[in-house]
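Trainee:
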Amino acid sequence: MALLFRLVIIAFIVYLFYRGIRYLVDPKRKLDEAHEKESYYFYDDVKNVRKNFFITYKGAMFEGEKYLGTTDNAFEVVSIFVWVKDETTLQGFTKDDFHFLSSEIYSNYPQAEISWKNPIEQLMKAR
Numbered sequence: 001m002a003l004l005f006r007l008v009i010i011a012f013i014v015y016l017f018y019r020g021i022r023y024l025v026d027p028k029r030k031l032d033e034a035h036e037k038e039s040y041y042f043y044d045d046v047k048n049v050r051k052n053f054f055i056t057y058k059g060a061m062f063e064g065e066k067y068l069g070t071t072d073n074a075f076e077v078v079s080i081f082v083w084v085k086d087e088t089t090l091q092g093f094t095k096d097d098f099h100f101l102s103s104e105i106y107s108n109y110p111q112a113e114i115s116w117k118n119p120i121e122q123l124m125k126a127r
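Once you know that position 79 of the sequence shown is 79 in full-length UniProt numbering, the rest is easy, because the numbers rise by one and skip nothing.
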């Protein structure tokens with residue numbers, strides 16, 4: 001009986017350790033933490049085209065929707081539509097910030113054409 005009790009306690013400690021590690025490496029938690037700290041973080045499941053990606057940068061949370069299409073010799077993500085969750089967080093953003101975000105998206109999806117939702121689209125088209 002004492003041996004069984006010890007095994008249960010050891011199993012419980014291993015389980016708590018496992019849950020702690022999973023919590024620390026959870027990408028969704030890292031995204032939320034970066035958003036609170038107003039830093040950059042790119043959260044995406046590159047292997048799953050149906051899942052949207054999220055980018056946090058300078059306190060703004062962006063969401064991107066991926067669309068699969070054909071390239072010269074493969075099926076790839078060919079179109080991406082990006083919008084901001086809260087437009088009021090865009091205050092202080094410049095074209096350079098959006099060029100940086102575009103370059104980060106292109107690093108994962110080089111074949112894609114990026115479309116921004118208004119008002120970002122208007123800023124990108126302005127001279």
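Note that the Cβ used here is the ideal one computed from N, Cα and C, for glycine as well.
Spell out the partners DSSP gives Ile114 in its beta bridges.
Mentor: Note: Ile114 sits in a beta bridge opposite Ile80.
Trainee: Compute the beta-carbon to beta-carbon distance between Thr89 and Gly59, rounded to the nearest angstrom, for a pair I have assumed lies under 8 Å.
Mentor: Confirmed, Cβ separation roughly 5 Å.
Trainee: Candidates Lys85, Phe54, Arg50: which alpha carbon is nearest Glu104's?
Mentor: Per the Cα distances, Phe54.
Trainee: Taking Leu24 and Tyr43 to be in contact with their CB atoms under 8 Å, please state how far apart those CB atoms are, rounded to whole angstroms.
Mentor: The Cβ separation is near 16 Å, so there is no contact.
Trainee: Within the stretch 40-112, note down every full alpha helix (DSSP H) run reaching 4 residues or more, in order along the chain.
Mentor: Within the stretch 40-112, the complete alpha helix (DSSP H) runs of at least 4 residues are 95-108.
Trainee: Return the first residue and the last residue of the alpha helix (DSSP H) that Ala34 is part of.
Mentor: Start and end: 27-37.
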